[in-house]
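Chains as they are written, first to last, in our numbering: chain A, 1 to 340; chain B, 1001 to 1174.
For every residue, glycine included, the Cβ atom is placed at its ideal position computed from N, Cα and C.
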């Protein structure tokens, strides 16, 4: 009985630590984005709140928290309220299976593992919840009873369905090589330096994954659901205050989540690139690699113009999916002959 | 514990399924269907079939239902005015199916194996993803290939329907 309670405490504390860490990173990711975009455009970025604007995310959070919450008179109130939650929860739940480091921490005889849980379908679990995120966007756009919102929601659904396919197919190559769906085992399969990372044999899959992940998270240059120059703000045009903040948090949490998955699948997770560098703690390597991806996201945003809708669909269906399928065929054939 | 969870999932599945057909707004029906899919996935998890649970959510909730919602929103289907007029036929068919279900359940002796227990040891030894893969490519290879052929036919059919004139002269090639 005491053991059960202790196990429960360990799990709850781990969940708490992971959630707080993720939300802090989400808050400061907005700061980094504004800073980096500022520097890329020869501006300073946020400077007023705190030293070089370091307290800006907290000020923004407080502002959103105290803003008036407006629900349009013609909106479907239940679904309008439900949609932001349906977007945020899948984004956060995915972090449960991400292994952030190698070593468990022992405190007072309790063992805290560097992940919440290691289920044997880890990557499918994340994909399943990622596909639920589309509902929030679609329903939010519909329930607002606004033509821009509806168009944004519909665009998002079409985009997410299209790019989910190439995202899932890109992952298959890695799964074939690792022989497991568990993120912990996939990380362990890439031990022994940079030449064992799956980015080298699976480079095509890596490129397909990276592009599809940008489309999945509705980021520039694939941000058609919220294209501000044509749709005001797309599916969250009518949202304000905390509900708007939920959509915002979900977008950045999703960015971090897809970066974590990219790190685990292609860059060896918490493994150091060379044996000589393994004195640096694994978790530092993990966070460092994730931030490389996040910087890449912001870099892309600062560089590329938005795609047109038909270009987006054509690119997804006629280039990305055939490429991902070809990668699966080649990978499985090569693995078959190597392993016999 | 298993019994409690099973009862919860079963109750919600039945209630949500009633919600799907009883709701007059198409969007509410779709949402009830989403809730039902999730709880069916819960049942699969209870049976130690995590792979099928994940696939259930990815395929049904993540792809098929989103397409339903898409169509409902795109066509802006209004609330249904009333039930359709096939009430009598519907009742007759319903009773027929209920009778068959009761008959099958009566013969199956499921009560001995209630609540549902976890997977057989042969499956849990290799993990249910691998177990499923092995069975699909050995014992059930033929049905599996037939199913994929049917899907291929459906795919070609969709392309032919969407791109009328791709094989003939009518319509212009893009």
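- Proximity of residue 1063(B) to chain A, defined by a Cβ-Cβ separation below 8 Å, is satisfied.
- Counting only residues of its own chain and dropping the five nearest sequence neighbours on each side, residue 177(A) has a CB closer than 8 Å to the CB of 189, 198, 201, 202, 331 and 335.
- Exclusion of the five residues before and after residue 181(A) leaves 120, 121, 122, 123, 124 and 175 as the residues of its chain whose Cβ lies within less than 7 Å of its Cβ.
- The C-beta of residue 127(A) comes closer than 8 Å to at least one C-beta of chain B.
- Residue 304(A) carries a coil assignment under DSSP once its states are collapsed to helix, strand and coil.
- Your pair residue 170(A) and residue 208(A) checks out as a contact, with CB atoms roughly 4 Å apart and the cut at 8 Å.
- The criterion of a C-beta distance shorter than 8 Å is not satisfied by residue 97(A) and residue 111(A).
- Under the Cβ criterion of 8 Å, residue 307(A) is not counted among the residues facing chain B.
- Listed in chain order, the positions of the segment 296-327 of chain A with a beta carbon within less than 9 Å of a beta carbon of chain B would be empty, since no residue qualifies.
- Using a Cβ-Cβ cut-off of 9 Å, residue 138(A) is close to 1066, 1069, 1070 and 1073 of chain B, given in chain order.
- When the five nearest sequence neighbours on each side are left out, the beta carbons in the same chain lying within less than 8 Å of the beta carbon of residue 161(A) are those of 134, in order along the chain.
- Contact annotation for residue 1050(B) against chain A: 119, 120 and 121 [CB-CB distance below 7 Å, chain order].
- Proximity to residue 240(A) across 81(A), 276(A) and 337(A) peaks at 81(A), based on C-alpha coordinates.
- Flagged as an interface residue toward chain A: residue 1054(B), by a C-beta distance shorter than 8 Å.
- Contact between residue 256(A) and residue 29(A) holds, since their C-beta atoms are separated by about 7 Å, short of 8 Å.
- For residue 1138(B), the nearest beta carbon of chain A is not closer than 8 Å to its own beta carbon.
- Using a Cβ distance threshold of 8 Å, residue 215(A) and residue 222(A) count as a contacting pair.
- When secondary structure is reduced to three states using DSSP, residue 112(A) falls in the strand class.
- Fully enclosed alpha helix (DSSP H) runs of no fewer than 4 residues occupy 1050-1055, 1065-1075 and 1087-1108 of the segment 1049-1111 of chain B, in order along the chain.
- Contact check for residue 99(A) against residue 269(A) passes: the beta carbons are separated by less than 8 Å.
- Along the segment 63-113 of chain A, the alpha helix (DSSP H) occurs as fully enclosed runs of 4 or more residues at 77-93, listed in sequence order.
- The residue among 1047(B), 1033(B), 1017(B) and 1142(B) with its C-alpha nearest the C-alpha of residue 1002(B) is 1047(B).
- Look at the segment 9-66 of chain A and you find these whole runs of alpha helix (DSSP H), each 4 residues long or longer: 56-66.
- Assignment of residue 201(A) by DSSP, reduced to helix, strand and coil, places it in the coil class.
- In this structure the segment 137-144 of chain A touches the segment 58-77 of chain A; the number of beta carbon pairs closer than 8 Å is three or more.
- Chain-order list of chain B residues neighbouring residue 134(A): 1066, by C-beta distance under 7 Å.
- Straight-line spacing of the CA atoms in residue 251(A) and residue 23(A) works out to 12 Å.
- Pairing residue 27(A) with residue 61(A) gives a Cβ-Cβ distance under 8 Å.
- When Cβ-Cβ separations below 8 Å define contact, residue 161(A) makes contact with chain B.
- Annotation for residue 1042(B): 1009 place their beta carbon closer than 7 Å to its own, counting only its chain and skipping 5 residues before and after.
- Taking C-beta separations shorter than 6 Å and ignoring five residues to either side along the sequence, the partners of residue 1012(B) in its chain run 1039, following chain order.
- Taking 8 Å as the threshold, the shortest C-beta distance from residue 1034(B) to chain A falls below it.
- Contact with chain B is found for residue 154(A), since one of that chain's Cβ atoms lies less than 8 Å from the residue's Cβ.
- Shortest Cα-Cα distance from residue 210(A) to any of 59(A), 84(A), 260(A) and 140(A) involves 260(A).
- Cα atoms of residue 58(A) and residue 50(A): separation of roughly 10 Å, rounded to the nearest angstrom.
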